[in-house]
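Chemist: So that we are looking at the same thing, I have put the structure below in structure tokens.
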Amino acid sequence: MIQKTEPQKLKKLELNILELSKKTDIDAYFAMHDALNEVLKIKRNQTSEKNITAKVERVLNPEKYNQAPLSKSLRKQQDHIKYFIGSLYLNLLEQSGLERSVVIELYVYYKY
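Residue numbers (our numbering): 46 to 157.
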């Protein structure tokens, strides 16, 4: 992860980790792992901070976040209607005796 990042974008701690990874002595190895653990802690703290901020935002502005489930349920309802219409259409096709390929050709012809 750190090695693939451009050197200009790395922090000092990450640059030190890269330097430690090039050394062969045991102290450098353990220091490198300690530094990597610190980097992971920092990343976890940033993630948890974002999660807490989002949670507080939801509590402070509930009207902003309560609109989304309504639109999802409306979309789900519209999908159910489309599935119902599609199944009716397929039943009509079966009853009419037309092959699907003929119906698809007619659809393409009249659509364009």
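For glycine and all other residues, C-beta sits at the position ideal for the given N, C-alpha and C.
So is Ile62 buried or exposed if we call it buried at 16+ other beta carbons inside 10 Å?
Modeler: Label assigned to Ile62: buried.
Chemist: Under a Cβ-count criterion, where at least 16 other Cβ atoms within 10 Å of its own Cβ denotes burial, should Leu65 be classed as buried or exposed?
Modeler: buried
Chemist: Tell me which residue opens and which closes the alpha helix (DSSP H) that Asn96 is part of.
Modeler: Ile71 to Leu105
Chemist: Whose C-beta lies closer than 8 Å to the C-beta of Ala80 among residues of the same chain, with five residues either side of it excluded?
Modeler: Leu58, Asn61, Ile62 and Leu65
Chemist: For the alpha helix (DSSP H) containing Leu63, name the first residue and the last one.
Modeler: Lys57 to Lys67
Chemist: Are the CB atoms of Leu138 and Val153 within a distance shorter than 8 Å?
Modeler: no
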